[in-house]
Amino acid sequence: MGNAMVMTQYIRLTPDMQSKQGALWNRVPCFLRDWELQVHFKIHGQGKKNLHGDGLAIWYTKDRMHPGPVFGNMDKFVGLGVFVDTYPNEEKQQERVFPYVSAMVNNGSLSYDHERDGRPTELGGCTAIVRNLHYDTFLVIRYVKRHLTIMMDIDGKHEWRDCIEVPGVRLPRGYYFGTSSITGDLSDNHDVISLKLFELTVERTPEEEKLHRDVFLPSVDNMKLPEMTAPLPPLSGLALFLIVFFSLVFSVFAIVIGLILYNKWQDQSRKRFY
């Protein structure tokens, strides 16, 4: 989607040019309960220190193919977003070193705060020096028993390094995987070399089966997300007909009762007059 280009060895989400955005989405929703997504990617360009951007995102969301301002995807998404942010927008922050990886769970009520690099809504994060490396860089997202784990392999040692670990993450099944990127005044090449999804076999006790039932909106235990009310389902033709029919019957009944009471009132008025 967008400016994404299919090459022989990778898909380039955005070239090293200003004001570009692109995305890659799967067409089949994922109904796995426990899974692992491995992302082989490369971020590189001509920009020097703090003169490159903006990064890429990996998504597991209800909606797909909706371009927007959050690393090339829509704001107020429903699902999980993992961000590889290469440019610090918040000037006063000093304790973080960029590029920085963070994660966010959204039920459609939250906006990603670009000016603060997503801090108000992030679940956690870590520094990940991933630009202009001469070896492969990988990110893995693992979701097992409501437990979200994100690890990196960016040191050329073929070893996973912990980045984010959050228990109590509740993600519905039937969402889509995707990845997107955007450039503004600053730019980079954002390349996706492979996306590999694995089903994980996990045993559950009967108690865990009850505890880990399907959910309908993303949420995180011990983290308050603004409540979203599900839209009411549209009325069927029969239900609409019955509502209209009984409304008419009630209206006619009310009119008849009103006329009877009015006539009785008039008769009583005449008797009092004579």
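Take the sequence shown: its letters are residues 1 to 274, numbered as in UniProt numbering.
C-beta atoms are modelled at their ideal positions from N, C-alpha and C, and glycine is treated no differently.
Item: Where L56 and F77 are concerned, what is the direct C-alpha to C-alpha distance, given to the nearest angstrom?; Value: 16 Å
Item: Am I right that V169 and H190 are in contact with their C-beta atoms under 8 Å? What's the rounded C-beta distance?; Value: That pair is no contact at about 26 Å.
Item: Would you mind working out which of S181, R204, S247 and Y175 sits nearest D63, comparing C-alpha positions?; Value: Y175
Item: What residue from S181, N89 and A128 has the CA that sits closest to G156's CA?; Value: A128
Item: Near D153, what residues of its chain come up, given a Cβ to Cβ distance below 6 Å and the 5 sequence neighbours on each side ignored?; Value: F138 and W160
Item: Alpha carbons only, please: which of D85, M104 and V105 is nearest the one belonging to R96?; Value: D85
Item: State the CB to CB distance for the pair S102 and F71, rounded to an integer number of angstroms; the pair is presumed to be in contact (CB under 8 Å).; Value: Rounded, the Cβ-Cβ distance is 11 Å, inconsistent with contact.
Item: Give the range of the beta strand (DSSP E) segment to which K42 is assigned.; Value: W35 to H44
Item: Alpha carbon to alpha carbon, how far is Y87 from G53?; Value: 5 Å
Item: Who are the Cβ neighbours of V249 in its own chain at under 7 Å, not counting the five residues just before and after it?; Value: none
Item: For the beta strand (DSSP E) containing L197, name the first residue and the last one.; Value: N189 to E199
Item: According to DSSP, is L240 part of a helix, a strand, or is it coil?; Value: helix
Item: DSSP three-state label for G258, please.; Value: helix
Item: According to DSSP, is D185 part of a helix, a strand, or is it coil?; Value: coil
Item: Any idea which residues DSSP pairs R131 with across the strands?; Value: I43
Item: What are the uninterrupted segments assigned as beta strand (DSSP E) that are 3 or more residues long and contained completely in the region 62-88, given in chain order?; Value: 78-85
Item: Excluding the five sequence neighbours on either side, which residues of its own chain have a C-beta within less than 6 Å of the C-beta of P167, listed in chain order?; Value: H147
Item: Starting from L211, trace the alpha helix (DSSP H) both ways and give me its first and last residue.; Value: P206 to L211
Item: Could you tell me the distance, in whole angstroms, from the CA atom of D214 to the CA atom of G22?; Value: 32 Å
Item: In or out: T205 buried (at least 16 other Cβ within 10 Å) or exposed?; Value: exposed
Item: Could you tell me the alpha carbon to alpha carbon distance between M74 and P67, rounded to whole angstroms?; Value: 5 Å
Item: Under DSSP, the beta strand (DSSP E) around D153 begins and ends at which residues?; Value: H147 to D153
Item: Around the C-beta of residue 281, are 16 or more other C-beta atoms found within 10 angstroms, so that it is buried, or is it exposed?; Value: Beyond the ends of the chain as shown, which are 1 and 274, falls residue 281; an answer cannot be given.
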